[in-house]
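The listed protein sequences derive, respectively, from chains A and B. Numbering-wise (our numbering), the first sequence opens with residue 12 and increments by one. Numbering-wise (our numbering), the second sequence opens with residue 12 and increments by one. Even glycine gets a Cβ: it sits at the ideal position worked out from N, Cα and C. Since the structure is predicted, the reported quantities are computational estimates derived from the model, not experimental observations.
Protein chains: 2
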Amino acid sequence: MRKVFNFSPGPAMLPEAVLKTAQAEMLNWHGTEMSAMELPHRGMHFQEVMQQTESDLRTLLAIPPHYRVLFLPDGAAAQFTMVPLNLLGDKKCADYIQTGIWSKKALTEAERYGAINIAATLTKCDGLLALPPQSTWSLDEKAAYVHYASNETIDGVQFHWVPETGSVPLVGDFSSDILSRPLDVERYGLIYASAQKNMGQAGLTVLIIREDLIQDPLPGTPTLYTYKVHAKHHSMAHTPPTYSWYITGLVLAWLKAQGGVDAIFQINQRKACHLYDCIDRSNGFYVSPVHPDCRSMMNVVYDIHEKTLEPIFLEEAAKHGLVYLKGHRLRGGIRASIYNAMPEAGVLLLADFMHTFMKQYG
Amino acid sequence: MRKVFNFSPGPAMLPEAVLKTAQAEMLNWHGTEMSAMELPHRGMHFQEVMQQTESDLRTLLAIPPHYRVLFLPDGAAAQFTMVPLNLLGDKKCADYIQTGIWSKKALTEAERYGAINIAATLTKCDGLLALPPQSTWSLDEKAAYVHYASNETIDGVQFHWVPETGSVPLVGDFSSDILSRPLDVERYGLIYASAQKNMGQAGLTVLIIREDLIQDPLPGTPTLYTYKVHAKHHSMAHTPPTYSWYITGLVLAWLKAQGGVDAIFQINQRKACHLYDCIDRSNGFYVSPVHPDCRSMMNVVYDIHEKTLEPIFLEEAAKHGLVYLKGHRLRGGIRASIYNAMPEAGVLLLADFMHTFMKQYG
């Protein structure tokens, strides 16, 4: 195992087995003497990559047949525009749940294309950041859709329940927690997720969309921002980011070999517990700003009560091979992003380090 | 050297040295014990990749300081929309030169956003495909810009001269020939090129844009389709396709080591000559549909006079390690794409094979 653990929020750590396969195949994919990077997208070789990747994703998330899977270029931020352009339709209005910077960015972009209702916002409970209970949401039954972010990476806030939106399609940004826990696809109209946290490298976004929502977009929508075009061409309307697709395929195969989503969920829960327990038992040396009901299993955000210790913490941690632990520039503090690929050993090492650091400076 | 030569039009062959570096560094980029794929885009490590890549591109193409270089996600097809959205401005009209399927796609998309004048189209000369001489172009001096594709991959037609557009900015799609020959950047307002032919892997597009052309886009332009946004954020408005950027960096370093653009141009000219000579000396067994004045140095397109021999040609060629030679599905025939990374040895092997095949079946 590598001796450096990268706690970056994304692009993030990848499974060592995936990197080793990519390394071994770099000049010779499946005996072709070509790199996966060199395979033309319409050739029989890449077709194999495509089909296997979609098939594995369908298996891992039990995606029903009336949902289409699209592999699109660029990151999830492009979806902040594509969702309203493709889903607003004649209704021209949508509900957004604002629980952090990513959902705020999504709704700010959507406001350029329709009437956006902020149906609920991040709140406080016992002085801690908390998700608004569904009972407080002001949903509009005439909305074209309801949008929310399943996990907010900057504050480390995560939904541990699925919003109930009746007949209004629910759109979920799962960029930072897809495949980390079971997901009931049928509760959603559209799920989107960029690849660089739990599914591969940056530059690819996966969509899981209910077929009936693939409609004509608003006038003026760029051709390559149109779901209908990508669906019609099976994500091949133009040259797709082939190598990113290949890497995602390797990640999905790895996840299947780990026992799938249920198995990784058990590990992810343990990993998060190691860190939150360490924080909660630190007698206030480490402070979590998030209410226990909505703490993120993917991004463990915390502060050191004595802020001047934070740069020292980061510097010392790096000496132990624990890198990229600095909180987001808009928030500061410490953030340990522990996606699927972060081994439990890395999290245990961080918990040990936190304990030792507290003893030394507490 | 690998024994398989991939003549695909893109994603295409990459230099073996680049793949070997990528392989060696896969689990340990520059001693970090992290893959380049795992580096967070705002961290100091990736900043090094970014800066070196831009600096090498500037050196290779002698890009003047008043031109910005942008590294954008997705392929060049996204530019078919972004160019009109960002450059049409108040003038609302532009001139397009239609010389093949790519420039046709570009203008079809542009027509959705403004008044597009097709100033010239592909023509015939001595019964062969030919580029329209500039004297026949009907340019509009009030156009916001003039757009053309420097090389058309499907028919194998290439400009060996630079259009003269006076004070109207010239926009060039150089996706399939950037860095293959010298380029006088100052003749252009905007140059764009996707990476997967001469610069790396699919999913990245490089823009070289004169600073004064970075203006407010048309209303409703998606935020991530806005040049101004990408320029302001130094191509970091959101998570960029980091690994694609890294691979492009390796390709540029390799090109510098080959002696740069002038040196590769010499090799590329020789490579193209090997094949066109073979065609021209075949007494009509192989037929080039393109006038010698505008034959592509990157995509050598030809037919076998007896069409029924083509499937046999492709099958036999593959047995010799010469793969992906089939012409585009819209055109048929044979196409040998011989970008910078195709070794001269691969081209000589193909020329030998063509000669032997002709002897056997001619």
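LYS31 of chain A: member of the alpha helix (DSSP H) spanning 27-36, first to last residue. Taking all protein chains shown into account, ARG306 of chain A has 16 or more neighbouring C-beta atoms within 10 Å of its C-beta and is therefore buried. Going by C-alpha positions, PHE185 of chain B is about 22 Å away from ALA268 of chain B. Approximately 22 Å separates the beta-carbon atoms of TYR159 of chain A and LEU229 of chain A; this is outside 8 Å, ruling out the contact. The Cβ of ALA213 of chain A sits closer than 7 Å to at least one Cβ of chain B. Residue nearest to TRP256 of chain A within the set A:ASN162, A:PRO95, A:ILE349, A:MET61 is A:MET61 (criterion: CA-CA distance). HIS241 of chain B: member of the alpha helix (DSSP H) spanning 238-243, first to last residue. Looking at the DSSP output, SER348 of chain A sits in a beta bridge with A:ASN310. Judged by DSSP in its simplified three-state form, GLN226 of chain A adopts coil rather than helix or strand. The continuous alpha helix (DSSP H) containing GLY357 of chain A extends over residues 355-372.
Just so you know, the alpha carbons of ILE290 of chain B and TYR254 of chain A end up roughly 35 Å apart.
By the CB criterion at 7 Å, VAL196 of chain A and ALA204 of chain A fall outside the cutoff. In this structure, the beta-carbon distance from THR259 of chain A to MET210 of chain A falls below 7 Å. At a cut-off of 4 residues, the continuous stretches assigned as alpha helix (DSSP H) that sit fully inside the region 72-142 of chain B are 88-98, 112-121. Interface annotation, TYR335 of chain B: in contact with chain A, CB-CB separation under 7 Å. Along the region 21-36 of chain B, going in chain order, the ones with a CB nearer than 8 Å to a CB of chain A are GLY21, PRO22, ALA23, MET24, LEU25, GLU27, LEU30, LYS31, ALA33, GLN34.
One alpha carbon belongs to ASN128 of chain B, the other to CYS104 of chain B, and they sit about 7 Å apart. Looking at A:PHE82, A:ALA329, A:ALA154, the one whose alpha-carbon comes closest to that of HIS244 of chain A is A:PHE82.
ILE74 of chain A and ARG192 of chain A have their C-alpha atoms some 14 Å from each other. Following the DSSP letters along the chain, one finds ARG192 of chain B in no beta strand (DSSP E), marked with neither H nor E.
Bounds of the beta strand (DSSP E) holding VAL157 of chain B are 157-160. Contact of PRO193 of chain B with chain A is not assigned, every C-beta pair being separated by 7 Å or more.
Taken atom to atom, the span from the alpha-carbon of ARG53 of chain A to that of LYS337 of chain B is near 12 Å.
Per DSSP, the continuous beta strand (DSSP E) segment holding ARG221 of chain B begins and ends at 215-221. Residue-level contact check: THR250 of chain B touches chain A, since one or more beta carbons of chain A fall below 7 Å from its beta carbon.
Rounded to whole angstroms, the separation of the alpha carbons of SER187 of chain A and THR147 of chain A is 25 Å. DSSP, read as helix, strand or coil, puts LYS208 of chain B in coil.
The three-state secondary structure of PHE16 of chain B, taken from DSSP, is strand. Cα atoms of ALA28 of chain B and TRP265 of chain B: separation of roughly 7 Å, rounded to the nearest angstrom. For the pair TRP172 of chain A and TYR156 of chain B, the Cα-to-Cα distance works out to about 52 Å.
The beta carbon of GLY270 of chain A does not come within 7 Å of any beta carbon belonging to chain B, so the residue lies off that interface. Between PHE364 of chain A and HIS316 of chain A, the C-beta gap is not smaller than 7 Å, which leaves the two residues out of contact. The beta carbon of THR64 of chain A is closer than 7 Å to those of TRP256, THR259, GLY260, LEU263 in its chain, skipping five residues each way along the sequence.
Residues of the same chain with a CB within less than 7 Å of the CB of GLN145 of chain A, apart from the 5 flanking positions on each side, are PRO174, GLU175 in chain order.
For LYS153 of chain A, the three-state secondary structure derived from DSSP is coil.
When CB distances to chain B are screened at a threshold of 7 Å, the residues of the region 46-70 of chain A falling below it are SER46, MET48, GLU49, LEU50, PRO51, HIS52, GLY54, in chain order.
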